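This report concerns only the one structure given below.
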Amino acid sequence: MKKRIWRIIIGAVVFAAAIIINIEWLKIAMFVISYVIVGGDVVKRAVRNIFKGQVFDENFLMSIATIGAFFIGEYPEGVAVMLFYQVGELFQSYAVGKSRKSIASLMDIRPDYANVKKGDELVRTDPDEVQIGDIIVIKAGEKIPLDGKVIEGSSMIDTSALTGESVPREVEVGSDILSGCININGVITAEVTKEYGESTVSKILDLVENASSKKSNSEQFITKFARYYTPVVVIIAVFIAIIPPLVIDGATFSDWIYRALAFLVVSCPCALVISIPLSFFGGIGGASKKGILVKGSNYLEALAQTEIVVFDKTGTLTKGVFNVQEIHPEGVSKEELLELTAYVESYSNHPISLSLKRAYGKEIDNGRITDVEEISGHGVIATVDGKKVMAGNIKLMKMMDIPYFKGELIGTVVHVAVNNQYIGYIVIADEVKPDSAQAIKELKAANIKQTVMLTGDNKSVGSKVAKELGLDKVYAELLPADKVEKLEELFSQKSTKGKLAFVGDGINDAPVLARADIGIAMGGLGSDAAIEAADIVIMTDEPSKIATAMKISKKTLKIANQNIVFAIGIKIIVLILSAFGIATMWAAIFADVGVTIIAVLNAFRALNVKNL
Ligand code: ADP
Ligand code: MG
1 MKKRIWRIII GAVVFAAAII INIEWLKIAM FVISYVIVGG DVVKRAVRNI FKGQVFDENF
61 LMSIATIGAF FIGEYPEGVA VMLFYQVGEL FQSYAVGKSR KSIASLMDIR PDYANVKKGD
121 ELVRTDPDEV QIGDIIVIKA GEKIPLDGKV IEGSSMIDTS ALTGESVPRE VEVGSDILSG
181 CININGVITA EVTKEYGEST VSKILDLVEN ASSKKSNSEQ FITKFARYYT PVVVIIAVFI
241 AIIPPLVIDG ATFSDWIYRA LAFLVVSCPC ALVISIPLSF FGGIGGASKK GILVKGSNYL
301 EALAQTEIVV FDKTGTLTKG VFNVQEIHPE GVSKEELLEL TAYVESYSNH PISLSLKRAY
361 GKEIDNGRIT DVEEISGHGV IATVDGKKVM AGNIKLMKMM DIPYFKGELI GTVVHVAVNN
421 QYIGYIVIAD EVKPDSAQAI KELKAANIKQ TVMLTGDNKS VGSKVAKELG LDKVYAELLP
481 ADKVEKLEEL FSQKSTKGKL AFVGDGINDA PVLARADIGI AMGGLGSDAA IEAADIVIMT
541 DEPSKIATAM KISKKTLKIA NQNIVFAIGI KIIVLILSAF GIATMWAAIF ADVGVTIIAV
601 LNAFRALNVK NL
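Residue numbers are given in UniProt numbering: position 155 of the sequence shown equals residue 155, and the series is strictly consecutive.
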């Protein structure tokens, strides 16, 4: 960057000197020198690309236009065009660099070191070298280097780099902490639960770095457009240079070659080529400021075309934190029932399991549990103290041929059996997230045609939640495979251009996340599999962020379209003017650089997500 700026400055000085000097041969020599300083690399790239088979690119256009200007004796124009072109390029690369940086304040979340506790000492270690189980200390003001669990101390944590949420979160012994957040006040000691490569911070950095490789349709359109456009422009320029002097009386070659060269300068498609991806880059960056990670421009674009939004229930629309409502033992005590249930569930990460373990509240002795088998959409089976214990829904009981309590119950019911003997059930209930109803309302306001909920939970809970939130449809008691089937059914209900989005937490719904046009995962609570399978990750776990993401998507598309229309429109006008000799080469270069700068500035608006 610095080298480029210096080249432009030195080139400009030599250029200015050349204009002032009055000795003819020296003047020309200095124009040539300044041209080489300013434009040498462009010509070099053009030649190199010709050998690579990419003949018609911007470097080529600029090189023939400026070298052509020298041949017809328009030295100042030749140098000036190259000079302005380089200024425009410099501006572009600065803009790209800046927007790259602002994405997730990328550089800001990467931790530099971890304080690893070795005996009584703290050793500054590269986060890459810290292992699972190591004890790290995070002092006030430091970044959390790896994901872990707090074992000592309490503090307030700033999660805004990951979630966009400005209210700090309180953590204490037992809380999970995510890398990339900043410890605000207290000193906390934590046990590392994930290696650096698997930690949140690395995942997010990877995700953001790869986001630009997935192209939106508008970007693909521009790439294709440039492929045909440039050769066509070059052919027209050749015609402009040759035909009029041959056919029109009094037309001179030097006049028309000049027009052809000006035509070539204007035709450079840089404004388009740069400003469209930059708009999407801005949109993705803006979204990440709100805690919404979009894995590619194509997904950001698709969001604006969403017609159907399908939700998972547990962990997505509801908190996934169940409270025990009733314990109904049969032939055992309440305590025994809860203990066995907590034990059989102990290896599962399902929200139900986590809640039951919390309700049990005591330490679990893993030595008492063997042969754990989790049957998704059903429940868990494991051997506890040598006895075969199973806990799950009525599907599991039916599958195992165990007679179970059949009365009407409101809530999610976990039935439990030991050695094929029914020992009772536990009724648990989940709460809807505070912003779920708002989320559905906003989606409807954004013209979403259908909001649907798919759940593996029972019908009574499913319809209660759907009614409370105002969802259009609900399908309950689904297995993961049934969810995919229902999704296929919903696909047939949208228009060909419309898109279907699925929002889930990844527990038992990774297949649907992957199958939907746009898979949206709740990132904070969700499983790693979900974050991998999803196209968009919502770090705050708030369903209302879906509507926010759609607004960002629409705004980004609008900006990209404005740039396409503006840049192509101005180009066509100046092209016509230059073909008729009305626009000089100076006007042409100003048009090109001017359009580029305006388009780039416009693209930057996509980064601003304050007032959507
Ligand atoms: P949802 O679609 O609401 O997210 P899931 O597909 O994760 O629900 O689970 C569906 C149902 O399967 C649950 O409501 C529960 O009855 C049963 N289930 C699944 N996993 C477990 C488990 N670990 N323990 C008990 N029940 C479970
Ligand atoms: Mg779920």
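Where a beta carbon is used, it is the ideal one built from N, C-alpha and C, also for glycine. Bear in mind that the values here come from a model prediction, so they are computed numbers and not experimental data.
Assign Thr-314 to one of two classes, buried (16 or more other C-beta atoms within 10 Å of its C-beta) or exposed (fewer than that). As a first step, residue 314 must be located in the sequence shown, where it is residue number 314. If you draw a 10 Å sphere on the C-beta of Thr-314, you find 16 or more other C-beta atoms in it, and that means buried.
Phe-31 to Ala-514, Cα distance in whole Å? Numbered from 1 along the sequence shown, position 31 holds the residue referred to as residue 31. Numbered from 1 along the sequence shown, position 514 holds the residue referred to as residue 514. Taking the straight line joining both Cα atoms gives about 59 Å.
What first and last residue would you give for the alpha helix (DSSP H) that runs through Asp-158? The sequence position of residue 158 within the sequence shown is 158, counting from 1. Premise fails: Asp-158 lies in the beta strand (DSSP E), 155 to 158, not in any alpha helix (DSSP H).
Beta carbon of Ile-157: closer than 6 Å to some heavy atom of the ligand ADP? Indexing the sequence shown from 1 puts residue 157 at position 157. Answer for Ile-157: no, Cβ out of range of the ligand ADP.
Beta-carbon within less than 6 Å of Ala-560's beta-carbon, same chain only, minus the 5 sequence neighbours each way: which residues are those? Taking the first residue of the sequence shown as 1, we reach residue 560 at position 560. Excluding sequence neighbours, Ala-560 sits near Ser-218, Ile-276, Ser-279.
Please report the straight-line C-alpha distance between Leu-106 and Gly-498, rounded to a whole angstrom. If you number the sequence shown from 1, residue 106 lands on position 106. If you number the sequence shown from 1, residue 498 lands on position 498. With a pLDDT of 47 at Leu-106, under the threshold of 50, the modelled position of that residue is not reliable, and no figure is offered here.
Status (buried if at least 16 other CB within 10 Å, exposed otherwise) for Gly-296: By 1-based counting over the sequence shown, the position of residue 296 is 296. In summary, Gly-296 is buried, with 16 or more beta-carbon neighbours lying within 10 Å of its beta-carbon over all protein chains present.
With distances taken between CB atoms, is the gap from residue 640 to Thr-200 smaller than 7 Å? Look at the range of the chain in this structure, 1 to 612, and you will see that residue 640 is not part of it.
Would you check if the distance between the CB atom of Leu-469 and the CB atom of Ser-495 is smaller than 7 Å? Translated into positions along the sequence shown, residue 469 becomes position 469. Translated into positions along the sequence shown, residue 495 becomes position 495. Cβ atoms of Leu-469 and Ser-495: not closer than 7 Å.
Please report the Cβ distance between Ser-544 and Glu-442, rounded to the nearest whole angstrom; I am assuming they are in contact, meaning their Cβ atoms lie under 8 Å. In the sequence shown, the residue the question calls residue 544 occupies position 544. In the sequence shown, the residue the question calls residue 442 occupies position 442. Indeed they touch by this definition, with Cβ atoms about 6 Å apart.
Could you check how far apart the C-beta atoms of Tyr-425 and Val-418 are, in whole angstroms? I think they sit under 8 Å. Counted from its first residue, the sequence shown places residue 425 at position 425. Counted from its first residue, the sequence shown places residue 418 at position 418. About 13 Å; that fails the 8 Å criterion.
At a cut of 8 Å, does the region 565 to 573 reach the region 186 to 193 through at least three beta carbon pairs? no
Any chance the CB of His-328 is under 6 Å from a heavy atom of the ligand ADP? Sequence index remark: in the sequence shown, residue 328 carries index 328 (1-based). Checking every heavy atom of the ligand ADP against the Cβ of His-328, none is found closer than 6 Å.
Is Gln-92 buried or exposed, if buried means 16 or more other CB atoms sit within 10 Å of its CB? Taking the sequence shown and counting its residues from 1, one reaches residue 92 at position 92. It counts as buried.
Please list the terminal residues of the continuous beta strand (DSSP E) segment that includes Asp-312. Position 312 of the sequence shown holds residue 312. For Asp-312, the uninterrupted beta strand (DSSP E) segment begins and ends at 306 to 312.
If we require 3 or more residues per run, which beta strand (DSSP E) segments fall completely within the region 185 to 252? 188 to 192
Reduced DSSP secondary structure (H/G/I, E/B, other) of Gly-462: Walking along the sequence shown from the start, residue 462 turns up at place 462. The answer is helix: DSSP assigns Gly-462 an H, G or I state.
Taking Asp-128 as part of the alpha helix (DSSP H), name the residues at either end of that continuous run. For the purposes of this step, residue 128 is identified with residue 128 of the sequence shown, where counting begins at 1. Careful: Asp-128 lies outside any alpha helix (DSSP H) and carries neither H nor E.
Would DSSP call Met-539 helix, strand or coil? Residue numbering aside, residue 539 sits at position 539 when the sequence shown is read from its first letter. In the structure shown, Met-539 sits in coil (DSSP, three-state: anything other than H, G, I, E or B).
With a threshold of 16 other CB atoms inside 10 Å of the CB of Lys-406, please say whether the residue is buried or exposed. Here the question's residue 406 lines up with position 406 in the sequence shown. Burial call: exposed.
Our contact map puts Leu-338 next to Ile-327 with C-beta atoms below 8 Å; I'd like the distance itself, whole angstroms only. The sequence position of residue 338 within the sequence shown is 338, counting from 1. The sequence position of residue 327 within the sequence shown is 327, counting from 1. Sure, about 6 Å apart at Cβ, within 8 Å.
Secondary structure, alpha helix (DSSP H): runs of 4+ residues fully inside the region 466 to 535: 480 to 491, 510 to 515, 528 to 533
Look at the Cβ atom of Lys-143, then the Cβ atom of Pro-111, and state whether they are nearer than 7 Å. In the sequence shown, the residue the question calls residue 143 occupies position 143. In the sequence shown, the residue the question calls residue 111 occupies position 111. Yes, Cβ-Cβ distance for Lys-143 and Pro-111 is below 7 Å.
For Val-13, does the count of other Cβ atoms within 10 angstroms reach 16, so buried, or fall short, so exposed? Start at 1 with the first residue of the sequence shown, and residue 13 comes out as number 13. Val-13 is exposed by the Cβ-count criterion.
For a test of the three-state rule: what should DSSP assign to Leu-340, helix, strand or coil? Counting from 1 along the sequence shown, the entry for residue 340 is found at position 340. The answer is helix: DSSP assigns Leu-340 an H, G or I state.
Limits of the beta strand (DSSP E) - the one that Gln-421 falls within: As a position in the sequence shown, residue 421 is number 421, starting the count at 1. 421 to 429 is the extent of the beta strand (DSSP E) around Gln-421.
Expressed to the nearest angstrom, what Euclidean distance is found between the alpha-carbon atoms of Ala-104 and Pro-403? Sequence index remark: in the sequence shown, residue 104 carries index 104 (1-based). Sequence index remark: in the sequence shown, residue 403 carries index 403 (1-based). Confidence at Ala-104 is low in this model, with a pLDDT of 45, below 50, so the placement of that residue should be treated as unreliable; the coordinate-derived value is given next. Ala-104 and Pro-403 have their C-alpha atoms roughly 54 Å apart.
Am I right that Arg-4 and Ile-37 are in contact with their C-beta atoms under 8 Å? What's the rounded C-beta distance? In the sequence shown, counting from the first residue as 1, residue 4 sits at position 4. In the sequence shown, counting from the first residue as 1, residue 37 sits at position 37. About 11 Å; that fails the 8 Å criterion.
Classify Val-247 as buried or exposed, calling it buried when 16 or more other Cβ atoms lie within 10 Å of its own Cβ. The count along the sequence shown starts at 1 and reaches residue 247 at position 247. It is exposed - the Cβ of Val-247 has fewer than 16 other Cβ atoms within 10 Å.
Sub-7 Å separation of Gly-250 and Ala-603 beta-carbons: Within the sequence shown, residue 250 is the residue found at index 250, counting from 1. Within the sequence shown, residue 603 is the residue found at index 603, counting from 1. Not in contact: Gly-250 and Ala-603 (Cβ atoms no closer than 7 Å).
Rounded Cβ spacing between Glu-374 and Ser-355 (contact assumed at less than 8 Å): Within the sequence shown, numbered from 1, the residue matching residue 374 stands at position 374. Within the sequence shown, numbered from 1, the residue matching residue 355 stands at position 355. Between Ser-355 and Glu-374 the Cβ distance is about 16 Å, and since that is not below 8 Å, they are no contact.
Beta-carbon proximity list for Thr-125, same chain, < 7 Å, skipping 5 on both sides: For the purposes of this step, residue 125 is taken as residue 125 along the sequence shown, with counting starting at 1. Tyr-113, Ala-114, Val-116.
Buried versus exposed, by CB contacts within 10 Å (16 or more), Ser-288: If you number the sequence shown from 1, residue 288 lands on position 288. It counts as buried.
What are the boundary residues of the alpha helix (DSSP H) that Val-593 is part of? On the sequence shown, residue 593 is found 593 positions in, with the first residue counted as 1. Here the alpha helix (DSSP H) through Val-593 covers 585 to 604.
Heavy atom of the ligand ADP less than 6 Å from the Cβ of Ile-410, yes or no? For this step, residue 410 is matched to residue 410 along the sequence shown. Not so, every heavy atom of the ligand ADP lies at least 6 Å from the Cβ.
Tell me whether Gly-506, by its Cβ, gets closer than 6 Å to a heavy atom of the ligand ADP. Residue numbering aside, residue 506 sits at position 506 when the sequence shown is read from its first letter. No, the beta carbon of Gly-506 sits no closer than 6 Å to any heavy atom of the ligand ADP.
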